[in-house]
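Working notes, structure below.
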Amino acid sequence: VFSPLVFSIGIFVEDYNFNLIHDRPENLVYVFNSRKIRISKDHTYLFADPFLHVEGDKIYLFAEVQNVDNKGFINCWCSQDAHIWENIGPVLKTNSHFSYPHIFRNKNNEIFLIPESEGIKEVSIYKFNNFPMDLSKKNELLQGKYVDTNILVQDGTFFLITTKNNYHEQSLCLRDDQEVEIFFSDDLFSKNWTKHPKSPIKKGKALFRNAGPIYRRKGRIYRFVQDFSHQMTYRGVTFSYGKKINVMEIVKIDKNNYKEKIVAEDYKPKSDLPFQKHSRHHISSVTFKGKTVVAIDGRRSDIIFNKLINFVYRQFLK
1 VFSPLVFSIG IFVEDYNFNL IHDRPENLVY VFNSRKIRIS KDHTYLFADP
51 FLHVEGDKIY LFAEVQNVDN KGFINCWCSQ DAHIWENIGP VLKTNSHFSY
101 PHIFRNKNNE IFLIPESEGI KEVSIYKFNN FPMDLSKKNE LLQGKYVDTN
151 ILVQDGTFFL ITTKNNYHEQ SLCLRDDQEV EIFFSDDLFS KNWTKHPKSP
201 IKKGKALFRN AGPIYRRKGR IYRFVQDFSH QMTYRGVTFS YGKKINVMEI
251 VKIDKNNYKE KIVAEDYKPK SDLPFQKHSR HHISSVTFKG KTVVAIDGRR
301 SDIIFNKLIN FVYRQFLK
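Sequential numbering of the sequence shown, starting at 1, is according to the numbering used here.
So this is what it looks like as structure tokens:
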């Protein structure tokens, strides 16, 4: 289906002491740009949900890629300086939709991935057998239509922070009954996660769905969240999804308590940039070779001519 707005990903390189919470990215060095004239059947119109990961002397980007009329899949790129990127290729691609590739390392130095797989109604964990490729499914953690799941380890306990998905059927706007839920376990591979007594911790569209991995700084824990409380209309299509990012600080989390507070609203780069002219909905950051590298996705208008091209492909060139 043609979308008048497309997602791209911007890479910023900042100083080592860059504070992701109080500072704003400004040194844009690369854009994974989806705003291009369609010239092939497998035209990519979406780069989104960026997750950065450092391994050895390289930095890796995992993100959702989606081609016109196809399901999303997880792709990987790598770089030695965050300026020039090599396309490694798809790391998780099936007939199901995958996005939000939450990547993390455990205490045994093993690397895992928890992608969004709402279409098959499960939250599962995958292990890299030969990073950055060769993923194998290790366990199904939750069943249900959960999206954008983060894992947080605190005092030896694993916490899953996730959101029950619920769209209006005929629009790209979310319903008012969204819920952020928390589950916990002492075993990462448990099949019986316990629902937190404070769950759901959020209801509604304003301060809920994860917008990237958990961020820690100087003993504090932060959660970037998507704010869908404001609708916008562009070329006749009404959106609330992916409007802006807010920042929450998790003040307390254990098996009995959860408390967070908002510390920043409408988080975005210091300058207005073309690739996210209309909105943004995901951010990730790592320290790499004495610098802070930040990845943020953003949405802007597609090339109008693509609407006609997409119609021709669907009608005559399938």
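For every residue, glycine included, the Cβ atom is placed at its ideal position computed from N, Cα and C.
K195 versus F183: straight-line alpha-carbon distance, rounded: Locating residue 195 in the sequence shown gives position 195, where the first residue counts as 1. Locating residue 183 in the sequence shown gives position 183, where the first residue counts as 1. In a straight line, the C-alpha of K195 is about 4 Å away from that of F183.
Which residues does DSSP list as the beta-bridge partners of K164? Numbered from 1 along the sequence shown, position 164 holds the residue referred to as residue 164. BP columns for K164 point to Y146 and E179.
Residue range of the beta strand (DSSP E) that includes N87: Position 87 of the sequence shown, counting from 1, holds the residue named residue 87. Residues E86 to L92.
Taking the straight line between their C-alpha atoms, what separation do you get for F12 and H281? Locating residue 12 in the sequence shown gives position 12, counting from the first residue. Locating residue 281 in the sequence shown gives position 281, counting from the first residue. Cα to Cα, F12 sits roughly 16 Å from H281.
Under the criterion of a Cβ to heavy atom distance below 7 Å, does E122 qualify as lining the ligand PLP? Looking at this structure, you won't find the ligand PLP or any other ligand, since it has none at all.
CB-CB length for L92 against I74, believed under 8 Å: Locating residue 92 in the sequence shown gives position 92, counting from the first residue. Locating residue 74 in the sequence shown gives position 74, counting from the first residue. Rounded, the Cβ-Cβ distance is 4 Å, consistent with contact.
For S279, count neighbouring Cβ atoms within 10 angstroms of its own Cβ and tell me buried if that reaches 16, exposed if not. Mapped onto the sequence shown, residue 279 falls at position 279. It counts as buried.
Mind the definition here: the region 281 to 293 touches the region 7 to 25 only if three or more C-beta pairs lie below 8 Å; say whether that holds. yes
Taking L53 as the reference, which of I39, C78 and F47 has the closest Cα? The sequence position of residue 53 within the sequence shown is 53, counting from 1. Sequence inspection shows His at residue 53; the Leu mentioned does not correspond to that position. The option with the nearest alpha carbon to H53 is C78.
In angstroms with no decimal places, state the Cα-to-Cα distance between I151 and K203. Within the sequence shown, residue 151 is the residue found at index 151, counting from 1. Within the sequence shown, residue 203 is the residue found at index 203, counting from 1. Near 20 Å, if we compare the C-alpha coordinates of K203 and I151.
Just the C-alpha distance for Y222 and K164, rounded to the nearest angstrom, thanks. The residue given as residue 222 occupies position 222 in the sequence shown. The residue given as residue 164 occupies position 164 in the sequence shown. Roughly 21 Å separates the two Cα atoms.
Is the number of C-beta pairs between the region 143 to 157 and the region 107 to 120 that are closer than 8 Å three or more? yes
Under three-state DSSP, which class holds N257? Translated into the one-based positions of the sequence shown, residue 257 becomes position 257. It is coil, neither helix nor strand.
Nearest-angstrom beta carbon gap, L5 and S301 [assumed within contact, 8 Å]: Taking the first residue of the sequence shown as position 1, residue 301 is located at position 301. Taking the first residue of the sequence shown as position 1, residue 5 is located at position 5. The Cβ separation is near 6 Å, so the contact holds.
DSSP state of L308, grouped into three classes? The residue you call residue 308 lines up with position 308 of the sequence shown. Of the three classes helix, strand and coil, the one that applies to L308 here is helix, per DSSP.
Alpha carbons only, please: which of H43, Q154, I283 and N70 is nearest the one belonging to N106? Position 106 of the sequence shown, counted from the start, is the residue given in the question as residue 106. N106 has its Cα closest to that of Q154, out of H43, Q154, I283 and N70.
Flag this pair as yes or no: are the beta carbons of I120 and K138 separated by less than 8 Å? Counted from its first residue, the sequence shown places residue 120 at position 120. Counted from its first residue, the sequence shown places residue 138 at position 138. For I120 and K138, no; Cβs fall outside 8 Å.
Nearest to N192 by CA position, among F159, F112, W85 and F128, is which residue? As a first step, residue 192 must be located in the sequence shown, where it is residue number 192. The residue with the shortest Cα to Cα distance from N192 is F159.
Three-state secondary structure (DSSP) at E325? The requested residue 325 is not part of the displayed model; the chain covers only 1 to 318.
Cα-Cα separation, P197 to H22: Within the sequence shown, residue 197 is the residue found at index 197, counting from 1. Within the sequence shown, residue 22 is the residue found at index 22, counting from 1. Going from the Cα of P197 to the Cα of H22 covers about 32 Å.
In this structure, does DSSP put F275 in helix, strand or coil? Within the sequence shown, numbered from 1, the residue matching residue 275 stands at position 275. Residue state, collapsed to three classes: helix.
Is the CB-CB distance between Y100 and Q66 below 8 Å? The residue you call residue 100 lines up with position 100 of the sequence shown. The residue you call residue 66 lines up with position 66 of the sequence shown. The answer is no: Cβ separation not under 8 Å.
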